[in-house]
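K.L.:
Shown below is the structure under consideration.
Residue numbers (the numbering used here): 56 to 174.
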């Protein structure tokens, strides 16, 4: 709904690993160190540009999501206002998509900051 700000700073997550993937009926949650993502919209897992897994509300993450566990975040890029790329040390890329024009699609909490980035 609001999109990803071009100046989104997730640098405190670089080099950090995620150890848990939390799945609810309408959200997917994970953290890289002090940065936590609570997502209610589509998430894609890509390798070499190709789609190898996805998650949407109401479903269970595909097995490709297990490959993100215990893997460090190497880079992040706001591709455009509707897509955030998280690149992992094992060659995976997570693309977080802002898919709603009517509702918030995710919250990004950065440790040390009050409140969340509402996307």
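We put the CB at the ideal spot given by N, CA and C, even for glycine.
Because the structure is a prediction, the values reported are computed rather than measured.
Which same chain residues, not among the five before or five after residue 74, have their C-beta less than 7 Å away from its C-beta?
P.N.:
So the list reads 124 and 125, once near-sequence residues are dropped.
K.L.:
Measure the CB-CB distance between residue 90 and residue 65 and report whether it falls below 7 Å.
P.N.:
Annotated as proximal: residue 90 and residue 65, with beta-carbon spacing under 7 Å.
K.L.:
For residue 133, which residues in the same chain have their Cβ closer than 6 Å to its Cβ, ignoring the five residues on either side in sequence?
P.N.:
59, 61, 63 and 139
K.L.:
Per DSSP, what kind of secondary structure is residue 59 in: helix, strand or coil?
P.N.:
coil
K.L.:
Below 8 Å, can you find three or more Cβ-Cβ pairs linking the segment 145-159 to the segment 92-111?
P.N.:
yes
K.L.:
Just tell me which of 87, 82 and 57 has its CA closest to the CA of residue 166.
P.N.:
87
K.L.:
For residue 161, tell me which candidate among 92, 85 and 116 has the shortest Cα-Cα distance.
P.N.:
92
K.L.:
With which residues is residue 85 paired in a DSSP beta bridge?
P.N.:
92
K.L.:
For a minimum of 3 consecutive residues, which ranges assigned as the beta strand (DSSP E) are wholly contained in the segment 85-153?
P.N.:
The segment 85-153 contains these whole beta strand (DSSP E) runs: 90-94, 98-102, 105-110, 128-135, 138-143 and 147-152.
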